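Undergrad: Got a structure here, written out as structure tokens. Questions coming.
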Amino acid sequence: MRARLRLCLVAIGAALSCAPPPPVPDRPTGVPSADFAHAVELQRQGQHWKSVAYFRAAAEADPQRSLLHIELGKALHNATREMGFSGHGVRFAVATSQQRARLRDEALAEMQRAIDLEPDPQQRAAMWAIRARALELYGYVADARVGAGQALALQPAGPYLRSWVAELDRRLRTGR
Amino acid sequence: MTYGEEMRFPRSSHRAASRGTRFAGLAVVAASFAIAAAGCGTSRRAADDTLAEPVGPRDPFDPASAAVIWPGASDALLLSEPLRASSGTFAVSWTGEFEGEPMPAGRFGRPRAGSPVVVWFARGKRAAWRATFAPVPVEDGDRTRLAASVEITVRPLSAGQGRARLVATVSPDSAFPVPATDEATPVALAWRRSAAGVPPALGPASSAGATSTLVASATSARPARWRFLVAGSPRVAGRLGALAHRSHATLAAEVERAWSLTLATSASLTTGDPALEQAVDEALLVLVGCTERDGGRLRAVGNPFHYRDTWIRDAARQVSALSQWGLAEPAHAIAADLLAFQSEAGDLMSQPGQLDGTGQAMWAQRELYSRDGPHAPPDSVLRALARAWRWCEAERALVRQLAPAFAGLMPPGDPRDNELATGYLFGTDAWTLAGYRAAASLLEQGGEHATAESLRVASAAYAAEISTRVARGRGAVPACWSGPARDWGNFAALVPTGALSPAEAGRAGLLSRLHPEGAQAGLARYGAPDSVHLYLGSDLAVDALLMGRAELWRAALRSTLGARTATGGMPEIFCSTTHGYGWNLPPHTAAAAALLTLIRQALVFDALGDTLRLSLGTLPEWWVAGTNLKRAPTRWGVVDLSFRQEGDTARWDWTPVPVPVEVTLPPGMHVAANPGGGQVKGAHRLLVPSGTGHLEVTCARD
């Protein structure tokens, strides 16, 4: 497990280094560390929708690793919001609202899976916060408050979490 | 007739091309010859057609436009003036002159009522110019793509011969943004195949560049005539050559036949007003045409151009209007596709923050299945409805726990359009309640009695909560419970959601939001006073019928009919001073659905309650000619209705239904004698028992 985590970290490190990144292959390679590195590279380029296949391949190859599921969840979430030029206009990278709704649903499921797999309370708090933020952006304010509360319960001293929960409470109390 | 100078090429060119060639452009050139040859031998009648004025209303908008659409097609062509067909990535434009007179400005319309073909016609001093655009569906795996067969004619208006010159240009286009899909890739902007790829349009001559100049002689007996094929998307470009072997007339006749078959089983209306009947046909074309096929699925799109995506807000109304007018097949397919939005949690949301989507999708199922005969919806639909309800209950429970001041309501939404505010939105609750009631009814129909009973109990408590809050706010029905917002979901408080009673809606004064007079009387404004909205106020116009304010409904109908393009498309919103709609191009599906609902519910009202209401809203002229509505699906069976006034006698005939029927007299008339035996309700309405199918009333002027 630790060796695979190291591989992931090495892959992220490589992706973040100054050297020009290797070209991303057309499809996932089946090697989790390579696919994860390619996914991160695409993410850096803002190509979230394209990165999903690589994050997914990495998560499927190592299904018990929470990090891979939370990253896949984030990529799916980002893909629902990614914009790009199409023809001569700005459009969603994922063209239909049906597809985007499915991606939203899958993003939340992958984030929940990551939470369920993650043993470390601090990491789990971060994952709850990520999922709650996604819920907030999708417009589920009450569910976001529940998720943020879970994060706060695991990390009660976190100043950001405290102020965010207070803000969500204010929104719910006032509706504004 | 003359087809341009290219007619002189020998037909053997076809054979040369069909054997294959080393020249990349030759296949396209050969197809062009086929195009040129296709109309040879066209009759004298066809020559006469070149002077036929288009059928359709005067386009009140600036600029004038028309849409070439086809059911299930994943692309569309926007036609505009000067004559131009836009695909969103490329456009073909045409200019020309006849004996020194430039091609004049023209107008759009249809060649005949009930046709999906678009015509553009321009009459100058020396010649009449006419272009017809026939939508041509092209099957492409699981998808349907669009091409257009275009014929342009120039007919001299005096005796003698003249020379017509036509210039056709392919250019980049950004008339509307296209979805981010494979077909959005750049195309070869030329008339000839090159290393850049296949040209997106074929004409009677190919040129090396983007402009093709065509010259032909024309007489009144033999007008100049050119044929083009335009791809709706670059994906279809390679298929144009095959289409070129079929004549324009054949393709146009095929789509007219196909569309007429689509309408064959729908409700049909005759009122003695062909323009109104055409408006109904064209609104149905918009509703069925604003869909995308993907294998066995059909996806609703709000608009063929810039709103080419699904909003549950619009699609639910699309399902409702299609089911009201008997187009059950597309209604079923769209309703099924709406359920595909359901999340694991149970909600249905097309756009982030639009929490009214769950209730709307539930309501749409009932709009469909309650008019679809006695059989229950499939188990998959019932399960989806129950899951959706449970999600709403869980959300409302969270609000009770986290925000007691708003207990009983759905959580705050952030729709990012329409209300343009975040907060506890009235529309979310009204639609959620409508969804609860729809689910209760369908689950009962499906034998799920216990769940249906739970839903009825929950609905009653929810309705009471909404009424209490309205009463606490001195009867006002705000767009947002928690602060200012633009009017939107609150306009659906009575029809169609039934969240409030007619009395509550009356006390709220919602009808005062409809413009009282002028060209846009009966319509609502959105935001700015000169921003006229073409469906925002349509529910209120139907409310007006229930509240005895039929004059507002009549005004809304007249204003709506007057705000259509020449091919029946309505924008979502337009400026009453400039008559422009900006980039919010027509046609919009919710506007088409609003028109159809405005007419259908006025004639045969089944939107709310347990009484079938007939002739609730009518125009005086409909009684003179006599009105027939055939095959109208209702919650109590398919109904045929006819009514007429002769002298002081008003007569109705309708298909008997198992519920009481309320009949409304002609405008401005009251009951003088009631030999038919109905129970008089006020001066203008009668209630007759279930099973009745005929009524005659002697009436007198108010």
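Which chain is which? The protein sequence lines are A and B, in order.
Numbers 32 to 207, taken from my numbering, label the letters of the first sequence in order.
Numbers 1134 to 1835, taken from my numbering, label the letters of the second sequence in order.
Just so you know, even glycine gets a beta-carbon here, dropped at the ideal spot from N, CA and C.
These numbers were taken from a predicted model, which means no experiment stands behind them.
Express the C-alpha separation of A90 (chain A) and T60 (chain A) in angstroms, rounding to a whole number.
TA: As a first step, residue 60 (chain A) is located in the first sequence; it is residue number 29 there, counting from the start. As a first step, residue 90 (chain A) is located in the first sequence; it is residue number 59 there, counting from the start. So the two alpha carbons sit approximately 13 Å from each other.
Undergrad: Look at A1408 (chain B) and P1249 (chain B) and say whether their C-beta atoms are less than 8 Å apart.
TA: Position 275 of the second sequence holds residue 1408 (chain B). Position 116 of the second sequence holds residue 1249 (chain B). Contact: no.
Undergrad: Residues of chain B with a CB under 8 Å from the CB of D147 (chain A): which are they?
TA: Here the question's residue 147 (chain A) lines up with position 116 in the first sequence. Ordered by position in chain B, no residue passes the 8 Å Cβ test against D147 (chain A), which lies about 14 Å from the chain.
Undergrad: Does the beta carbon of W1614 (chain B) come closer than 8 Å to any beta carbon on chain A?
TA: By 1-based counting over the second sequence, the position of residue 1614 (chain B) is 481. Yes, W1614 (chain B) counts as interfacial toward chain A.
Undergrad: List the DSSP bridge partners of K1814 (chain B).
TA: Position 681 of the second sequence holds residue 1814 (chain B). Beta-bridge pairing links K1814 (chain B) to B:R1818.
Undergrad: With H, G and I counted as helix, E and B as strand and the rest as coil, what does DSSP make of A1255 (chain B)?
TA: Numbered from 1 along the second sequence, position 122 holds the residue referred to as residue 1255 (chain B). Of the three classes helix, strand and coil, the one that applies to A1255 (chain B) here is strand, per DSSP.
Undergrad: Does any residue of chain B have a CB that is nearer than 8 Å to the CB of S194 (chain A)?
TA: As a first step, residue 194 (chain A) is located in the first sequence; it is residue number 163 there, counting from the start. No, S194 (chain A) does not count as interfacial toward chain B.
Undergrad: Return the first residue and the last residue of the alpha helix (DSSP H) that F1559 (chain B) is part of.
TA: Position 426 of the second sequence, counting from 1, holds the residue named residue 1559 (chain B). That run of the alpha helix (DSSP H) goes F1559 to Q1578.
Undergrad: Where does I1285 (chain B) fall in DSSP's three states?
TA: By 1-based counting over the second sequence, the position of residue 1285 (chain B) is 152. If DSSP states are grouped into helix, strand and coil, I1285 (chain B) belongs with the strands.
Undergrad: Locate the beta strand (DSSP E) running through C1708 (chain B), then write down its first and last residues.
TA: Position 575 of the second sequence, counting from 1, holds the residue named residue 1708 (chain B). Here the beta strand (DSSP E) through C1708 (chain B) covers I1706 to C1708.
Undergrad: Whole beta strand (DSSP E) runs in the segment 1290-1358 of chain B with 3 or more residues, listed along the chain?
TA: As far as the segment 1290-1358 of chain B is concerned, its whole beta strand (DSSP E) runs of at least 3 residues are 1295-1305 and 1344-1351.
Undergrad: Taking the DSSP output, what are the residues bridged to F1776 (chain B)?
TA: Sequence index remark: in the second sequence, residue 1776 (chain B) carries index 643 (1-based). The partner list for F1776 (chain B) (beta bridge, DSSP) reads B:T1760 and B:W1785.
Undergrad: Is L185 (chain A) close to chain B? Criterion is C-beta to C-beta, closer than 8 Å.
TA: Here residue 185 (chain A) refers to the residue found at position 154 of the first sequence. Not closer than 8 Å to any Cβ of chain B, the Cβ of L185 (chain A) fails to qualify, so no.
Undergrad: Here's the rule I'm using: 16 or more other beta-carbon atoms within 10 Å means buried, otherwise exposed. How should D136 (chain A) be labelled?
TA: Taking the first sequence and counting its residues from 1, one reaches residue 136 (chain A) at position 105. The residue in question, D136 (chain A), is buried, as its Cβ has 16 or more Cβ neighbours within 10 Å.
Undergrad: Please confirm if A197 (chain A) has its CB atom under 8 Å from at least one CB of chain B.
TA: Your numbering for residue 197 (chain A) matches position 166 in the first sequence. It does not; no Cβ of chain B falls within 8 Å.
Undergrad: Find out if the Cβ-Cβ distance for the pair F1845 (chain B), T1698 (chain B) is shorter than 8 Å.
TA: Only positions 1134 to 1835 of chain B appear in the structure, and residue 1845 (chain B) is not among them; the question remains open.
Undergrad: Closer than 7 Å, Cβ to Cβ, to anything on chain A: give me those residues from the segment 1546-1564 of chain B, in chain order.
TA: The residues in question are G1546, D1547, T1555, G1556 and Y1557.
Undergrad: If D1676 (chain B) and A1652 (chain B) are in contact, beta carbons under 8 Å, what's the gap, nearest whole angstrom?
TA: Residue numbering aside, residue 1676 (chain B) sits at position 543 when the second sequence is read from its first letter. Residue numbering aside, residue 1652 (chain B) sits at position 519 when the second sequence is read from its first letter. Not quite, the Cβ-Cβ distance comes to about 22 Å (not below 8 Å), so this is no contact.
Undergrad: Beta-carbon of A1473 (chain B) versus every beta-carbon of chain A: anything under 8 Å?
TA: Numbered from 1 along the second sequence, position 340 holds the residue referred to as residue 1473 (chain B). So yes, A1473 (chain B) belongs to the interface.
Undergrad: To the nearest angstrom, how far is it from the Cα of V1590 (chain B) to the Cα of Q1534 (chain B)?
TA: Position 457 of the second sequence, counted from the start, is the residue given in the question as residue 1590 (chain B). Position 401 of the second sequence, counted from the start, is the residue given in the question as residue 1534 (chain B). Approximately 21 Å, taken between the alpha carbons.
Undergrad: Taking just the CA atoms, how far does A126 (chain A) sit from A46 (chain A)?
TA: For the purposes of this step, residue 46 (chain A) is taken as residue 15 along the first sequence, with counting starting at 1. For the purposes of this step, residue 126 (chain A) is taken as residue 95 along the first sequence, with counting starting at 1. Bear in mind that the predicted position of A46 (chain A) carries a pLDDT of just 47, short of 50, making it unreliable; the figure below should be weighed with that in mind. Rounded to the nearest angstrom, the two C-alpha atoms are 28 Å apart.
Undergrad: To which residues does DSSP link Q1475 (chain B) through a beta bridge?
TA: By one-based count along the second sequence, residue 1475 (chain B) stands at place 342. Partner(s): B:L1481.
Undergrad: At a CB-CB cut-off below 8 Å, which residues of chain B make contact with G115 (chain A)?
TA: Walking along the first sequence from the start, residue 115 (chain A) turns up at place 84. Going along chain B in sequence order, the residues near G115 (chain A) (Cβ under 8 Å) are A1313.
Undergrad: Determine, using beta carbons only, whether Y169 (chain A) comes closer than 8 Å to chain B.
TA: Residue mapping note: residue 169 (chain A) aligns to position 138 of the first sequence, counting from 1. True, the Cβ-Cβ gap to chain B drops below 8 Å.
Undergrad: Name the two residues that bound the continuous alpha helix (DSSP H) containing C1525 (chain B).
TA: Taking the first residue of the second sequence as position 1, residue 1525 (chain B) is located at position 392. D1512 to L1535 is the span of the alpha helix (DSSP H), which, as asked, contains C1525 (chain B).
Undergrad: Whose Cβ in chain A lies nearer than 7 Å to the Cβ of D1442 (chain B)?
TA: For the purposes of this step, residue 1442 (chain B) is taken as the residue at position 309 of the second sequence. The contacting residues are T127 and S128.
Undergrad: Ignore the nearest five residues each way along the sequence and tell me which others in A1385 (chain B)'s own chain have a CB closer than 6 Å to its CB.
TA: In the second sequence, counting from the first residue as 1, residue 1385 (chain B) sits at position 252. For A1385 (chain B), where only same-chain residues beyond five positions count, the Cβ hits under 6 Å are V1250 and A1267.
Undergrad: What does DSSP give as the partner residues of T1383 (chain B) in its beta bridges?
TA: Against the second sequence, residue 1383 (chain B) aligns to sequence position 250. Paired residues: none, contrary to the question.
Undergrad: Kindly indicate if chain A contains any beta-carbon less than 8 Å away from that of Q1484 (chain B).
TA: Position 351 of the second sequence, counting from 1, holds the residue named residue 1484 (chain B). Q1484 (chain B) counts as touching chain A.
Undergrad: Taking just the CA atoms, how far does R1570 (chain B) sit from E1598 (chain B)?
TA: As a first step, residue 1598 (chain B) must be located in the second sequence, where it is residue number 465. As a first step, residue 1570 (chain B) must be located in the second sequence, where it is residue number 437. Distance between the alpha carbons of E1598 (chain B) and R1570 (chain B) is about 15 Å.
Undergrad: Using a Cβ-Cβ cut-off of 8 Å, state whether A1538 (chain B) counts as contacting chain A.
TA: Working through the second sequence from its first residue, we reach residue 1538 (chain B) at position 405. Yes, contact with chain A.
Undergrad: For V1794 (chain B), which beta-bridge partners are listed by DSSP?
TA: For the purposes of this step, residue 1794 (chain B) is taken as residue 661 along the second sequence, with counting starting at 1. Its beta-bridge partners are B:L1745 and B:V1821.
Undergrad: Determine the burial state of W1785 (chain B): buried for a count of at least 16 other Cβ atoms within 10 Å of its Cβ, exposed for fewer.
TA: Start at 1 with the first residue of the second sequence, and residue 1785 (chain B) comes out as number 652. W1785 (chain B) is buried by the Cβ-count criterion.
Undergrad: Name, please, each residue of chain A whose Cβ falls closer than 9 Å to the Cβ of V1532 (chain B).
TA: Residue mapping note: residue 1532 (chain B) aligns to position 399 of the second sequence, counting from 1. Simply A173 and L203.
Undergrad: What is the C-beta distance between A1688 (chain B) and A1654 (chain B), in whole angstroms, given that I count them as a contact (C-beta under 8 Å)?
TA: To locate residue 1688 (chain B), count along the second sequence from 1; it is residue 555. To locate residue 1654 (chain B), count along the second sequence from 1; it is residue 521. Sure, about 4 Å apart at Cβ, within 8 Å.
Undergrad: Starting from the Cα of L1762 (chain B), find the closest Cα among B:D1743, B:V1188, B:W1769 and B:W1787 and give me that residue.
TA: On the second sequence, position 629 is the one that residue 1762 (chain B) refers to. Of B:D1743, B:V1188, B:W1769 and B:W1787, the residue nearest in Cα terms is B:W1787.
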